[in-house]
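Before any comments, here is the structure.
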Amino acid sequence: MPDRLSPISEAAVQSVFSATLRVDTHGTGFTDITFAARDFLAQAGAGEGVFLAFLRHTSASLTIQENADPDVQTDLTTALERLAPEAAPWIHDAEGPDDMPAHVKAMLNGVTLHVPVTDGKLALGTWQGIYLIEHRRAPHSREVIFQFVGSRK
Amino acid sequence: MPDRLSPISEAAVQSVFSATLRVDTHGTGFTDITFAARDFLAQAGAGEGVFLAFLRHTSASLTIQENADPDVQTDLTTALERLAPEAAPWIHDAEGPDDMPAHVKAMLNGVTLHVPVTDGKLALGTWQGIYLIEHRRAPHSREVIFQFVGSRK
Amino acid sequence: MPDRLSPISEAAVQSVFSATLRVDTHGTGFTDITFAARDFLAQAGAGEGVFLAFLRHTSASLTIQENADPDVQTDLTTALERLAPEAAPWIHDAEGPDDMPAHVKAMLNGVTLHVPVTDGKLALGTWQGIYLIEHRRAPHSREVIFQFVGSRK
Numbered sequence: 035m036p037d038r039l040s041p042i043s044e045a046a047v048q049s050v051f052s053a054t055l056r057v058d059t060h061g062t063g064f065t066d067i068t069f070a071a072r073d074f075l076a077q078a079g080a081g082e083g084v085f086l087a088f089l090r091h092t093s094a095s096l097t098i099q100e101n102a103d104p105d106v107q108t109d110l111t112t113a114l115e116r117l118a119p120e121a122a123p124w125i126h127d128a129e130g131p132d133d134m135p136a137h138v139k140a141m142l143n144g145v146t147l148h149v150p151v152t153d154g155k156l157a158l159g160t161w162q163g164i165y166l167i168e169h170r171r172a173p174h175s176r177e178v179i180f181q182f183v184g185s186r187k
Numbered sequence: 035m036p037d038r039l040s041p042i043s044e045a046a047v048q049s050v051f052s053a054t055l056r057v058d059t060h061g062t063g064f065t066d067i068t069f070a071a072r073d074f075l076a077q078a079g080a081g082e083g084v085f086l087a088f089l090r091h092t093s094a095s096l097t098i099q100e101n102a103d104p105d106v107q108t109d110l111t112t113a114l115e116r117l118a119p120e121a122a123p124w125i126h127d128a129e130g131p132d133d134m135p136a137h138v139k140a141m142l143n144g145v146t147l148h149v150p151v152t153d154g155k156l157a158l159g160t161w162q163g164i165y166l167i168e169h170r171r172a173p174h175s176r177e178v179i180f181q182f183v184g185s186r187k
Numbered sequence: 035m036p037d038r039l040s041p042i043s044e045a046a047v048q049s050v051f052s053a054t055l056r057v058d059t060h061g062t063g064f065t066d067i068t069f070a071a072r073d074f075l076a077q078a079g080a081g082e083g084v085f086l087a088f089l090r091h092t093s094a095s096l097t098i099q100e101n102a103d104p105d106v107q108t109d110l111t112t113a114l115e116r117l118a119p120e121a122a123p124w125i126h127d128a129e130g131p132d133d134m135p136a137h138v139k140a141m142l143n144g145v146t147l148h149v150p151v152t153d154g155k156l157a158l159g160t161w162q163g164i165y166l167i168e169h170r171r172a173p174h175s176r177e178v179i180f181q182f183v184g185s186r187k
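First to last, the protein sequences are chains A, B and C. Just so you know, the first sequence maps onto residues 35 to 187 in the working numbering. Just so you know, the second sequence maps onto residues 35 to 187 in the working numbering. Just so you know, the third sequence maps onto residues 35 to 187 in the working numbering.
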C-alpha cells in the first residue's frame, strides 16, 4: 500500500466568516501570523471547515514554513534574494532597486493559502507556522483577509 | 501591537457557482482575467464568500500581480526565463525547447488561487490583478474554471 | 473576444468532508495522489463543489503537473535542485545538507491546492495529475489532508 486514507468525517457548512488583519512589517523578513489566525477562528466560533488567507499586495507574500529554527527564515530570505537579485537588469526600477525583485518573490511564493480546521483548530503540522514575508526593505503596513468556511461551534 | 484584527463579519453559505473561461493566448506573456472574474461574480449574483480559479493546464499558470506598470510583467517574464532557461539540459524535449521550461514555470507559480468576495466584489488590493501567464511561445487556447462559494445576493 | 465564459451552474453547499491520507515516500521524487483523491471523493459521495488538499510538512510540497511523460518529473526535480542547490552556503544545516534546500523547494511550490469537482469528479485537465513531491533524500511518512466542500450526491 503506497498510501492509506483515514475514515472520512462530515460537517454541515453553515457560514463564511471574514475579517482583515493589519500587519506592520519591519522591512524584509518573516512575520508569524499563526496566532492571529487562531485568534480569528476562536472569535468567530469556528467548528469544522477551511481557513483561507489572502494578502492584498504584490511585493509581499504568504507562506507556510518551519516554526522552529529561526535560521531557516534567514536562509529562505537568502534563497529568494539569489532567485531575484537586485543586481539583475530590471526595466521596472522607478520604485527602487528592491521593488521588482519583491514582485518576483511574491509571484513565486503566492499570496493565497488555506489550512483545514478541525474542532476550531488549525490542522497545521507540528513544525508549520503561517508567515507573511515582507519583500521590500522598508517597513510596510499590509492587509491579510482571513476567512473561514464551515460549521459554527 | 504587531497586528490588529478587524471586526468579523458572517454570512450564510448557500451555493457553489461554477463556469469555465476560455482564454486564447498570443504566446508567452500575461492575460488579464480580472474583468472576466468580475463578470462571473456579477452574472452569478454572488454576495459574500470566496472566489476560486483553477487552470486546467501544465505549461501555463495563474498569478495575482501588479496591474499598473506593464514593465513589471515584462520583468516577471524575464525572471521566469532566468529560473528555467531553454538552454538548460532538459531530458523532456520532444515537444520543443520551450515546453519543459514552461512546466517548471507552471510548477513554481501554480495553477490555483482564491480571492475573498465582499458584497459581490473581489477584495483585491489596489494594485492587484488576476493573470493567466502563458509559458509556451505559440498561442494556445486555455481553460480556467471559476467558482464562487458563499451567499447569493 | 479575448475570452469567453460558459454558462454558470449552481449547486447547494451542504457539507465539508475531511480525511487524512498517509503517503510513505521513497526519498526525493514525485508520488501521484490523484487516485487517492478520486477515491476520497467517491467514498464521501461528493457532488458539485471544491476539493482541497493540504500537506502538513515543510520539506515536501504539493503540485499539479504533467501525468504523461515521466521525464518531466525528472526534469522538474533537476530544476528544483538548480534553484536550491545543496552546495549553497546555508546556515541551517543541523538536519543534513538536503534539509534547507528542501524547505526552499517547499516554499516555492507551496503545500496547498484545490481542484473543482463536477458530478463527483475532479475537473483536472487531460494532462494533469496531483503530486506530492518529497524533497528530502530519505523516505518519509507524510500526511495530506483532503477536504471537499459542496453538495452531496
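Yeah, the Cβ is synthetic: ideal placement off N, Cα and C, and Gly gets one too.
The Cβ neighbour count for Thr-146/C, taken over all protein chains shown within 10 Å, is at least 16; the residue is labelled buried.
Taking the beta carbon of His-137/B as reference, the chain C residues within 9 Å of it are Gln-99, Glu-100, Val-106, Asp-109, Leu-110, Ala-113, listed in sequence order. Here the C-alpha atom of Ala-157/B lies approximately 6 Å from the C-alpha atom of Val-151/B.
Put simply, the backbone Cα of His-91/B is about 28 Å away from that of Gly-83/A. Considering only Glu-44/A, Ser-52/A, Gly-159/A, Ala-102/A, the residue with the shortest C-alpha distance to Phe-74/A is Ser-52/A. For Ile-125/A and Asn-143/B, the gap between their C-alpha atoms comes out near 21 Å.
The shortest CA-to-CA distance from Phe-69/C to any of Ser-93/A, Val-183/A, Pro-135/A, Arg-38/A is the one to Arg-38/A. Check the Cα spacing between Glu-129/A and each of Phe-64/A, Glu-100/A, Pro-41/A, Ser-93/A: the tightest is with Ser-93/A. The region 111 to 123 of chain C and the region 157 to 177 of chain B do not touch, with fewer than 3 CB-CB distances between them shorter than 8 Å. Chain C places a beta carbon closer than 7 Å to that of Phe-51/B, counting this residue as a contact. The DSSP-derived three-state label of Arg-186/C is strand. Looking at the DSSP output, Glu-82/C sits in no beta bridge, so it has no partner there.
Under a criterion of Cβ atoms nearer than 8 Å, the residues of chain B adjacent to Leu-142/C are, in order, Leu-142. The beta-carbon of Ala-71/B is placed no less than 7 Å from the nearest beta-carbon of chain A.
Our two residues, Ile-67/B and Asp-127/C, have alpha carbons roughly 43 Å apart in a direct line. Gln-181/B sits close to Leu-86/B, with the two beta carbons spaced by under 7 Å. Counting every other CB atom within 10 Å of its CB across the protein chains shown gives Lys-187/B a total below 16, marking it as exposed. Ala-53/C: member of the beta strand (DSSP E) spanning 49 to 58, first to last residue. At a cut-off of 7 Å, the C-beta of Val-47/B has a neighbouring C-beta in chain C. For Asp-133/A, the enclosing alpha helix (DSSP H) has its first and last residue at 133 to 143. One Cα belongs to Val-57/C, the other to Ser-95/C, and the distance between them is close to 12 Å.
Spatial neighbours of Leu-166/A in its own chain (CB-CB distance under 8 Å, excluding positions within 5 residues in sequence) are listed in chain order as Val-57, Thr-59, Phe-64, Thr-65, Ile-67, Leu-89, Ala-94, Ser-95, Leu-96, Arg-176, Val-178. Setting aside the 5 residues that flank it on each side, Val-47/B is surrounded in the same chain by Gly-83, Val-183, Gly-184, Ser-185, each with a C-beta closer than 8 Å to its C-beta; the list follows chain order.
Neighbourhood of His-148/A in chain C, by CB distance below 8 Å: Leu-86, Phe-88, Thr-146, His-148, in chain order.
Under a criterion of Cβ atoms nearer than 8 Å, the residues of chain B adjacent to Ile-42/C are, in order, Phe-51, Ser-52, Ala-53, Phe-74, Gln-77, Ala-78.
A Cβ-Cβ distance of about 19 Å is found for the pair Ala-78/A and Ser-49/C, leaving them out of contact under the 8 Å criterion.
For Ala-128/A, the nearest beta carbon of chain C is not closer than 7 Å to its own beta carbon.
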